[in-house]
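Everything below concerns the one structure shown next.
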């Protein structure tokens, strides 16, 4: 957390404001290429083999690859992700939102190269911004779990439940798919795990902090009186706090020693002098 704060103070001024808008623009460009010049998409996909041959623009250009086919549902999703992304940037700040998005892009590239060096052949369209979109949705669900989203514009449901459904869908895809699918999902969503680990106070789960809490709880338990054991007792009448909730006890400052008296004998007893 401190490291992230230092990074924000040092590099925060370089953050791209309204980053979600630029993400939507990349989608528009990608869909336009798909409709007007689909052959160009073959030159911008994320393919490590071609990158190793000098086509380094593919390290970045793959974000233009459309995540799905263009349709009414896709347009609705774009409006939704624009709203969610803007809310996250407002809540986290531009720097942290930038870090989250670009971390997802970076880990996706790392995942592609892992598959390449593992000898697993992947299609050029394997990596797109589909899972990056899902990471935005999961981040919003983790940040605002009790916000309501209207499914089909009619059914209100807390967004945390939709996030859980998405997580189950991703686990199912990993179990049913091959190693390529697993690497793609893990690489694309690694930003979600890494970012929330970076923004949590990990000191709370350190062995030293856990040991300190255990010692404190042990001391608290040792100071709690068990049944029948009293903490106060009048030196004259022997009454304790168990004899009545209205009783009050005080120590006498004029007596030599630790003598405690109830409210009835505090001012009437004879002082003890040794």
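Numbering (UniProt numbering), first residue to last: 1 to 274. Here a beta-carbon is modelled for each residue, glycine too, at the ideal position from N, C-alpha and C.
The beta strand (DSSP E) enclosing residue i, as first and last residue numbers
i: residue 250; result: 249-251
Beta-bridge pairing of residue i - partner residues as DSSP gives them
i: residue 233; result: 240
i: residue 276; result: Only positions 1 to 274 of the chain appear in the structure, and residue 276 is not among them; the question remains open.
Contact belief for residue i with residue j at Cβ below 8 Å, rounded distance in angstroms
i: residue 97; j: residue 49; result: Contact flag wrong, Cβ pair sits at about 33 Å.
i: residue 187; j: residue 129; result: Not a contact, Cβ separation roughly 13 Å.
i: residue 194; j: residue 101; result: 13 Å between Cβ atoms; not a contact.
i: residue 33; j: residue 64; result: 7 Å
i: residue 44; j: residue 62; result: 6 Å
i: residue 301; j: residue 135; result: Because the chain in this structure spans residues 1 to 274, residue 301 falls outside the shown range and cannot be described.
i: residue 290; j: residue 147; result: This structure cannot speak to residue 290, because the chain is shown only from 1 to 274.
i: residue 109; j: residue 59; result: 6 Å
i: residue 120; j: residue 37; result: In fact, because the Cβ distance is near 30 Å, the residues do not count as touching under 8 Å.
i: residue 231; j: residue 245; result: Not confirmed; about 14 Å, so no contact.
Extent of the continuous alpha helix (DSSP H) run through residue i
i: residue 160; result: 159-176
i: residue 94; result: 94-117
i: residue 68; result: Premise fails: residue 68 is in no alpha helix (DSSP H) and is neither H nor E.
i: residue 21; result: 19-36
i: residue 131; result: 130-143
i: residue 60; result: 58-61
i: residue 50; result: 48-51
Cβ-based burial, residue i [other Cβ within 10 Å; buried from 16]
i: residue 257; result: exposed
i: residue 201; result: Note that residue 201 scores a pLDDT of 49, beneath 50, so its modelled location is shaky and nothing firm can be said.
i: residue 268; result: exposed
i: residue 177; result: exposed
i: residue 168; result: exposed
i: residue 91; result: exposed
i: residue 215; result: exposed
i: residue 140; result: buried
i: residue 81; result: buried
i: residue 53; result: exposed
i: residue 154; result: exposed
i: residue 272; result: exposed
i: residue 248; result: exposed
i: residue 95; result: buried
i: residue 89; result: buried
i: residue 31; result: buried
i: residue 204; result: Low per-residue confidence applies at residue 204: pLDDT is 49, beneath 50, and the placement is therefore not dependable enough to give any value.
i: residue 27; result: buried
i: residue 206; result: Residue confidence for residue 206 is low, a pLDDT of 46 falling below 50, so the modelled location carries little weight and cannot support an answer.
i: residue 23; result: buried
i: residue 35; result: exposed
i: residue 238; result: exposed
i: residue 71; result: exposed
i: residue 25; result: exposed
i: residue 42; result: exposed
i: residue 76; result: exposed
Within 9 Å, strictly: CB atoms of residue i and residue j
i: residue 236; j: residue 255; result: no
i: residue 127; j: residue 111; result: yes
i: residue 131; j: residue 84; result: no
i: residue 233; j: residue 270; result: no
i: residue 15; j: residue 104; result: no
i: residue 183; j: residue 114; result: yes
i: residue 67; j: residue 5; result: no
i: residue 87; j: residue 144; result: yes
i: residue 47; j: residue 55; result: yes
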